[in-house]
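2 protein chains.
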Amino acid sequence: MKKKQKRTSLVAERMDMDLGNYLAPLPVTLISTRREGESANVCTVAWNGIVNSKPPMVSISLRKERYSHESIMQSKEFVINLVGKSLAKAVDYCGVKSFRDEDKVATLGLEMEGMPELKTALALADAPLSLGCKVQDVISLPSHDLFIAEVLSVRIQKDLLDGRKALRLDRADLLSYVHGQYYELGRWLGFFGWSIADKKRFAKRKHAWFKHAKPKGS
Amino acid sequence: MKKKQKRTSLVAERMDMDLGNYLAPLPVTLISTRREGESANVCTVAWNGIVNSKPPMVSISLRKERYSHESIMQSKEFVINLVGKSLAKAVDYCGVKSFRDEDKVATLGLEMEGMPELKTALALADAPLSLGCKVQDVISLPSHDLFIAEVLSVRIQKDLLDGRKALRLDRADLLSYVHGQYYELGRWLGFFGWSIADKKRFAKRKHAWFKHAKPKGS
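As they're listed, the protein sequences go chains X and W.
Mapping of the first sequence onto numbering that gives the first Met the number 0: residues 0 to 217, in sequence order.
Mapping of the second sequence onto numbering that gives the first Met the number 0: residues 0 to 217, in sequence order.
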């Protein structure tokens, strides 16, 4: 990459602002949990992330008062279910309603299924991808607890695999959460490493990417 | 919301899959750090998230070998810079190159500026929004360290505020990272609580949202 002139004139004017939680876009997911002797519960979480590579580990942060918080404290398990736009209404609904007031799984007619390696929590069978998580550590923070968990199992919708058996998450129509608003994903910009790829390699990878963008018949 | 019939026939067939880090879409950000006596460094991170509400707290996860990891261990500070599509190439480039090999800030002609409440780390002045973060805890995980930090300051581009002084992150053209691929944000789907809003309220909020979607003259 060539050395560029400083672009001072292009920098937009900035200002200080009140403190807040502005990190975005966040992965908005449906977390499924279950207590012994109860039916499954699903709650919406945007405060989750990947925290470790090998083994795959994730974190989710939950307000201590949430019903799902106590469920996870008891079972030490949860499932992170990625969501596409067909689940958008369920995502919002499960973020505003509590299991204490109603059985959201029944209301929404969601399908649950067992998750390999987990004893109690069920996966959302309607989700494009589910991660079965076992809690390793709980970090107590002022308003939330941060659950750090290892991913012990993964279930996906079969049609997320392309002809080469590669995972195509672009087929899942995933949702994002941006400061109180839900979004679909938009235009593809490139693959990791595209900024240093030569034109030929970039064109080849781009072609291969779009060739498998959607499954046949969708 | 009416009770629905079970939708078994609509559930796509699912299968187990090899373990991996599939949580998505992730917020891809530029993390700026600085060691005493050195110039600023910027690295790309997708493994970050919000972890606490009051006070605002975030986490980022870094491989222990990364240059920025040691910088944060020394200064206990970093800045999370959100990125829009005008920074897409810088985002990818700062993810594949290390400060050990080159001064990425100089190569890319990035502008840095001081960040309120921080002593060492600088903010990326080109970013739509920067969060000044002070490390509170470091959780050692097998391949990464998880830094838990409090947000002490926020700087934004002035034109992210609309006429009502409300923050409009939709004006920032934010990027997502999905399993090795970068995306723009796409279609707006709704606000938090839309699933239980009546038609009139939904229409009113939707109208107000789109009225302020882009600043005048952009």
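No residue lacks a Cβ here, since even glycine has one placed at the ideal position from N, Cα and C.
(request) Measure the C-alpha to C-alpha separation of residue 271 of chain W and residue 76 of chain X and round it to an integer number of angstroms. (result) Residue 271 of chain W lies beyond the range of chain W shown here (0 to 217); nothing can be said about it.
(request) Identify whether residue 143 of chain X lies in helix, strand or coil by the three-state DSSP scheme. (result) strand
(request) Measuring only between beta-carbons, confirm whether residue 197 of chain X sits less than 8 Å from chain W. (result) no
(message) Whole angstroms are fine: how far does the CA of residue 170 of chain X sit from the CA of residue 220 of chain X?
(response) Outside the shown range of chain X, which is 0 to 217, sits residue 220 of chain X, and nothing can be said about it.
(message) Output needed for residue 224 of chain X: all residues of its chain with C-beta closer than 6 Å, excluding positions within five of it in sequence on either side, in chain order.
(response) The requested residue 224 of chain X is not part of the displayed model; chain X covers only 0 to 217.
(request) Give, in chain order, every unbroken run of the beta strand (DSSP E) that is at least 3 residues long and sits entirely within the stretch 40 to 105 of chain W. (result) 40 to 44, 47 to 51, 56 to 62, 76 to 81
(message) With H, G and I counted as helix, E and B as strand and the rest as coil, what does DSSP make of residue 190 of chain X?
(response) strand
(request) For my contact list, residue 121 of chain X and residue 90 of chain X are in at a C-beta cut-off of 8 Å; report their separation, rounded to the angstrom. (result) Rounded, the Cβ-Cβ distance is 18 Å, inconsistent with contact.
(message) Check for me: the alpha helix (DSSP H) holding residue 13 of chain X runs from which residue to which?
(response) No alpha helix (DSSP H) holds residue 13 of chain X; the beta strand (DSSP E) holding it covers 13 to 16.
(message) Please tell me whether residue 35 of chain W has its Cβ less than 8 Å away from any Cβ of chain X.
(response) no
(request) Report all residues from its chain with a CB closer than 6 Å to the CB of residue 178 of chain X; omit the five preceding and five following residues, and keep chain order. (result) In its chain, beyond the 5 residues on either side, 23 have a beta carbon closer than 6 Å to the beta carbon of residue 178 of chain X.
(request) Could you pull out every unbroken beta strand (DSSP E) segment of at least 3 residues lying fully inside the stretch 146 to 176 of chain W, listed in chain order? (result) none
(message) Please confirm whether residue 191 of chain X has its beta-carbon closer than 8 Å to some beta-carbon of chain W.
(response) yes
(message) Rounded to whole angstroms, what is the Cα-Cα separation between residue 201 of chain W and residue 108 of chain W?
(response) 44 Å
(message) Spatial neighbours of residue 231 of chain W within its chain, please: C-beta separation below 8 Å, excluding the five flanking residues on both sides.
(response) For chain W, the structure presents residues 0 to 217; residue 231 of chain W sits outside this window and is missing.
(request) Write down the C-beta distance between residue 33 of chain X and residue 74 of chain X rounded to the nearest angstrom, noting that I regard them as a contact closer than 8 Å. (result) Yes, residue 33 of chain X and residue 74 of chain X are in contact; Cβ-Cβ is about 7 Å, under 8 Å.
(message) Counting C-beta neighbours from all protein chains within 10 Å, is the total for residue 175 of chain X 16 or more, i.e. buried, or is it exposed?
(response) buried
(message) Helix, strand or coil for residue 196 of chain W? Go by DSSP, reduced to three states.
(response) coil
(message) Check whether chain W comes within 8 Å of residue 200 of chain X, counting only Cβ atoms and requiring the distance to be less than that.
(response) no
(message) Taking its Cβ as the centre, do 16 or more other Cβ atoms sit within 10 Å of residue 149 of chain W, making it buried, or is it exposed?
(response) buried
(request) Please go through the same chain and pick out, in chain order, the residues whose beta-carbon is closer than 8 Å to the beta-carbon of residue 221 of chain X, but skip the five residues on each side of it. (result) An answer regarding residue 221 of chain X cannot be provided, because it is not within the stretch 0 to 217 covered by chain X.
(message) Please list the terminal residues of the continuous beta strand (DSSP E) segment that includes residue 122 of chain W.
(response) 121 to 123
(message) I need the straight-line Cα distance from residue 45 of chain X to residue 51 of chain W, nearest angstrom please.
(response) 12 Å
(request) Give the straight-line distance between the Cα atoms of residue 15 of chain W and residue 103 of chain W, rounded to the nearest whole angstrom. (result) Roughly 41 Å separates the two Cα atoms.
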